[in-house]
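S.K.: According to UniProt numbering, the sequence shown holds residues 1 to 324 in order.
First the structure, which I've put down as structure tokens, then a few questions once you've had a look.
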Amino acid sequence: MLKDDGVIFISIDDNEQAQLKLLCDEVFGEENFVAELIWDKQHSQQQGLFKTYHEYVLLYAKNINNHKNIKGGTGVIDAGAIKKISKSNPESEFTFPAGVKFEAKDGVELKGTFGDSEKVTVVKGCFRAINGRTLEEVTLSAGWTQKKQMTEFFAGNEVYDTKGQKVIEFYFSSTGKLKCRKERTSITPPTLLPKYGMSSLHTDNLKELMNATVFNNPKPLPMLSDFIRWFTGRADIILDFFSGSGSTAHAILETNLAEGKKNTFISVQLAESLNVDNEDQKEAVEFCLNLGVPATIAEITKERIRRAGSQILQKNEENRPLDV
Numbered sequence: 001m002l003k004d005d006g007v008i009f010i011s012i013d014d015n016e017q018a019q020l021k022l023l024c025d026e027v028f029g030e031e032n033f034v035a036e037l038i039w040d041k042q043h044s045q046q047q048g049l050f051k052t053y054h055e056y057v058l059l060y061a062k063n064i065n066n067h068k069n070i071k072g073g074t075g076v077i078d079a080g081a082i083k084k085i086s087k088s089n090p091e092s093e094f095t096f097p098a099g100v101k102f103e104a105k106d107g108v109e110l111k112g113t114f115g116d117s118e119k120v121t122v123v124k125g126c127f128r129a130i131n132g133r134t135l136e137e138v139t140l141s142a143g144w145t146q147k148k149q150m151t152e153f154f155a156g157n158e159v160y161d162t163k164g165q166k167v168i169e170f171y172f173s174s175t176g177k178l179k180c181r182k183e184r185t186s187i188t189p190p191t192l193l194p195k196y197g198m199s200s201l202h203t204d205n206l207k208e209l210m211n212a213t214v215f216n217n218p219k220p221l222p223m224l225s226d227f228i229r230w231f232t233g234r235a236d237i238i239l240d241f242f243s244g245s246g247s248t249a250h251a252i253l254e255t256n257l258a259e260g261k262k263n264t265f266i267s268v269q270l271a272e273s274l275n276v277d278n279e280d281q282k283e284a285v286e287f288c289l290n291l292g293v294p295a296t297i298a299e300i301t302k303e304r305i306r307r308a309g310s311q312i313l314q315k316n317e318e319n320r321p322l323d324v
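As structure tokens, this is what we get:
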């Protein structure tokens, strides 16, 4: 069911993690294993030799070759576009047009060979800064690290680096070193996920939405929102085939609002009956009875999605329409 660029996240605890990893390696292929994420879930009193505070999230791709980077990040980054001349990074010439951004003081002209380990040589033309720009066309020789991107950029084409980050501009620093400014569009998340807070916090948040404790230990919305941001585009389909409390659907609605996306979802949950004799489920049973619906997990899932949608529409009154 996964698209060629699809991924799957599977949450699992200590008891079955090892067996699940072996099964997924067989189904998806070891080469398509992306990461084993560790969710710092709860710090509670426990018996035994060790206290287990975490669960795992296994991440596999349909085809790992379709995922060179993880989406995310904001702002811009500036990186050098020359390196020390060597066999692996040989010297070559490049002709820059007039009007390239130049951060040197007005009237400064660089001549001959300059720079310490990253040497640059003026081969032809005048390398002078006038009003923050190069005065005229100039040919420089150096150990360029992004010559292909430079050629495409100065030809007027849209350019992306090997990480999929868009090149905004090439420019010269005050010392004449070529720099590249890019949009930060990829990130490298850690496999340890400690920042989402304890399970009790998310139980309380869900209780506030539902006016009852209908689920214990729901998945954190911020964690699910990050998973969605990392691998989805603007109009993808997300399948949650063990929907439980409906947290995934809720997270999709929130990220759609926050980022102007149109991702859709399919939530699957069996109509598993709640047990009135189970102390942990009594409040959920009463919740369903008050709604006049069967006392099943699926009914709670549906109601959570409805309430999440209504809450998001209230937040979005100034920006309607929003499809929830």
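Beta carbons are placed, not taken as given, at the ideal position from N, Cα and C, and that holds for glycine.
Are I305 and A249 close, meaning C-beta to C-beta below 8 Å?
M.R.: yes
S.K.: Between which two residues does the alpha helix (DSSP H) containing G29 stretch?
M.R.: Counting along the chain, G29 falls outside any alpha helix (DSSP H), and DSSP gives it neither H nor E.
S.K.: Can you give, in chain order, each stretch of the beta strand (DSSP E) that sits fully within the stretch 66 to 103 and has at least 3 residues?
M.R.: The qualifying runs are 76 to 80, 92 to 96.
S.K.: Grab the span of the beta strand (DSSP E) containing V108 for me, first residue to last.
M.R.: It is not in any beta strand (DSSP E) - V108 carries neither H nor E in the DSSP assignment.
S.K.: What does the Cβ neighbour count give for I8, buried or exposed, with the cut at 16 atoms within 10 Å?
M.R.: It counts as buried.
S.K.: Quick test of your reading: L239 and M1, contact by CB under 8 Å. State the CB separation rounded to the nearest angstrom.
M.R.: Sure, about 7 Å apart at Cβ, within 8 Å.
S.K.: With DSSP collapsed to three states, give me the class of G309.
M.R.: helix
S.K.: Using 8 Å as the threshold, is the C-beta distance between A98 and E55 below it?
M.R.: No, the Cβ-Cβ distance between A98 and E55 is not below 8 Å.
S.K.: By DSSP's criteria, A61 is part of a beta bridge. Which residues make up the other side?
M.R.: Partner(s): V7.
S.K.: Give me, in chain order, the residues of the same chain whose beta-carbon lies closer than 7 Å to that of T264; leave out the 5 immediate sequence neighbours on both sides.
M.R.: Cβ within range, chain order: I237.
S.K.: I'd like to check one pair, K119 with T139: are the Cβ atoms closer than 8 Å?
M.R.: No, the Cβ-Cβ distance between T139 and K119 is not below 8 Å.
S.K.: Using the rule of at least 16 other Cβ atoms within 10 Å of the residue's Cβ for burial, across every protein chain shown, is T255 buried or exposed?
M.R.: buried
S.K.: Ignoring anything shorter than 3 residues or poking outside the stretch 112 to 198, list the beta strand (DSSP E) runs there in chain order.
M.R.: 120 to 125, 127 to 130, 138 to 142, 167 to 172, 178 to 183
S.K.: Please look up how many angstroms separate the CB atoms of L20 and T191, rounded, as I've assumed it's under 8 Å.
M.R.: At roughly 16 Å, the Cβ-Cβ gap does not stay under 8 Å, so L20 and T191 are not in contact.
S.K.: Using 8 Å for Cβ pairs, my map puts A284 next to L274. What's the rounded Cβ distance?
M.R.: 5 Å
S.K.: Taking the alpha-carbon positions, what's the W230 to K147 distance?
M.R.: 29 Å
S.K.: Please classify T213: does DSSP put it in a helix, a strand, or coil?
M.R.: The three-state secondary structure of T213, taken from DSSP, is coil.
S.K.: Where does the unbroken beta strand (DSSP E) through D236 begin, and where does it stop?
M.R.: Premise fails: D236 is in no beta strand (DSSP E) and is neither H nor E.
S.K.: Which partner residues does H54 have in the DSSP bridge list?
M.R.: D40
S.K.: Any contact between the stretch 85 to 97 and the stretch 13 to 30? By contact I mean 3 or more CB pairs, one from each, below 8 Å.
M.R.: no
S.K.: Count the other CB atoms within 10 Å of the CB of P220; is the residue buried (16 or more) or exposed (fewer)?
M.R.: Within 10 angstroms of the beta-carbon of P220 lie 16 or more other beta-carbons, which makes it buried.
S.K.: Using the C-alpha atoms, what's the distance from Q47 back to V214?
M.R.: 26 Å
S.K.: If you draw a straight line from the alpha carbon of S174 to that of N205, how long is it in whole angstroms?
M.R.: Each residue's CA atom was taken as its position, placing S174 and N205 some 52 Å apart.
S.K.: Could you tell me the distance, in whole angstroms, from the CA atom of P294 to the CA atom of C288?
M.R.: 6 Å
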